[in-house]
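Read through the structure below, which is laid out as structure tokens, and then see the notes.
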DNA sequence: GACCACTGTTGGCGATGTGTCAACGCAAGC
DNA sequence: GCTTGCGTTGACACATCGCCAACAGTGGTC
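Protein chains in written order, with this note's numbering: chain H, 1 to 220; chain V, 1001 to 1220.
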């Protein structure tokens, strides 16, 4: 690794060293599950002693959570990372135009950061971890806010937010079909996500609202 | 645990013992991530020596894969597990009726096996595992076949299958909103999934097909 | 330029978890 | 009753993790 080219034992700024270790851990955790990556390997990759990993991140789990946080929070925030011409505000016009532009923007970000994007939306296993799930939930909320802002709808409607969160899962799955399996091209994903979102907010959400039966639990 | 009420060292049929250990491991892996569950704890829960776990499943990872396989494959196959009245074949009638009936049936299965269902659709943070992913992919294919059978559509269209697989992610997310967060009730999930699937196969899929641009990769 | 405090960095220790093996003991067969 | 088969166990060897005292490079002071 080029990051390990410095002589062993070289004294670095804490932020730099921390960032270096975190970066190496990220690359390893991206590819292999938690239990298969040892702190020793992380330290070797970073060219430092294993104890230094514990010094900066306390425990292996702490380091893992940092990696998850970075991977999960980055993609939503990466929407800021746009080409020079693209302004931050959304284009004016009717709903269809705004939605299409938002999806287009999203796909651009996804294509540019596809490695990290896939790492966050990717693996399903089981044995979910409450802390990890909280981080991913937070990222989903941010993404939901962005979608609601793009559609210009109220962001405090519980049912609406639930539907948009579910739509987020569709987004992740569709981008996987595009980037991993290659079964859909970018234009097809664009069409799928645009039409789905438009149908959802225009037709489906009102129907879902009317279908409410608050008195009954999931046993019904 | 009631399963450990037998005297220690009791000789059991291999299938029975194996099933018992697998069952105990399942309950533990359902709630906590892989690295937090030790084989010693699994053995203690099952009331056997730790070495016996290795004897039956080789390695801890092997046991985990068995658990994942059971959890992932069961839900699709559990569709067979229906009340006496419900025949296996789908109701006749137009597309809308068949889709509504299929979703209704699915939600019944999910409600009955909600513990196992949630364990499989719940997302682990990252660190996907190729073997685990293969198992879950297989389960997704089975689910896709069932949806295509319910809609009476061709099951060999790559684009169609990709869209239905993406729809599967919507199903998982919507059921999570229902069972975990309680933001949607069963009727609302039914409405959401029914309308979404109908819109997808009737309107969106043809548009997605026409949007194909085979020559360009994801970099475009 | 020499000394010193500060702190980034390291090797090693104890504790815990995992895989393997030979040996034990309960049930079936002659 | 003895033997055989195999389910089951305790113990050993090894790897990994968290922690701690000691080492060494860097900047400040005279």
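The beta-carbon is built from N, C-alpha and C at its ideal position, and this holds for glycine as well.
Under the 8 Å criterion on CB atoms, residue 1159 of chain V is classed as interfacial with respect to chain H. Taking each of V:1147, V:1057, V:1040 and V:1208 in turn and checking the Cα distance to residue 1104 of chain V, the smallest one comes out for V:1147.
Between residue 68 of chain H and residue 132 of chain H, the gap from beta carbon to beta carbon is short of 8 Å. For residue 189 of chain H, the enclosing alpha helix (DSSP H) starts and ends at 186-199.
Proximity to residue 1031 of chain V across V:1168, V:1015 and V:1117 peaks at V:1117, based on C-alpha coordinates.
Put simply, the CB of residue 148 of chain H is far from chain V, with every gap to its CB atoms at 8 Å or more. Close to residue 1163 of chain V, with beta-carbon spacing below 7 Å, are these residues of chain H in chain order: 192. Listed along chain V, the residues sitting closer than 7 Å to residue 184 of chain H by beta-carbon distance are 1159 and 1162. When C-beta atoms of the region 181-194 of chain H are compared with those of the region 1177-1187 of chain V, fewer than three pairs fall below 8 Å, so the two segments do not count as touching. Chain V has no Cβ within less than 8 Å of the Cβ of residue 134 of chain H.
Residue contact with chain H for residue 1202 of chain V: absent (no Cβ-Cβ distance below 8 Å to any residue of chain H). In this chain, residue 1155 of chain V is not harboured by any alpha helix (DSSP H), its DSSP state being neither H nor E. Flagged as an interface residue toward chain H: residue 1195 of chain V, by a C-beta distance shorter than 8 Å. For residue 1161 of chain V, the CB contacts under 6 Å within the same chain, skipping 5 residues up- and downstream, are 1144 in chain order.
Short of 6 Å from the beta carbon of residue 1048 of chain V, and not among the five residues preceding or following it, lies no beta carbon of its own chain.
Within chain H, the residues 169, 170, 172 and 173 have their CB atoms less than 7 Å from the CB of residue 1169 of chain V, given in chain order. Where residue 56 of chain H is concerned, the enclosing alpha helix (DSSP H) starts and stops at 50-57. Residue 1022 of chain V and residue 1035 of chain V have their alpha carbons spaced roughly 17 Å apart. Burial is judged here by how many other beta carbons sit within 10 angstroms of a residue's own beta carbon; residue 1136 of chain V has at least 16 and is buried. Sequence-distant partners of residue 1072 of chain V (beyond 5 residues in either direction) whose C-beta falls short of 8 Å from its own C-beta, in its chain, are 1120, 1135, 1136, 1138 and 1139.
Here residue 16 of chain H is exposed. Its C-beta has fewer than 16 other C-beta atoms within 10 Å. The C-beta of residue 206 of chain H comes no closer than 8 Å to any C-beta of chain V.
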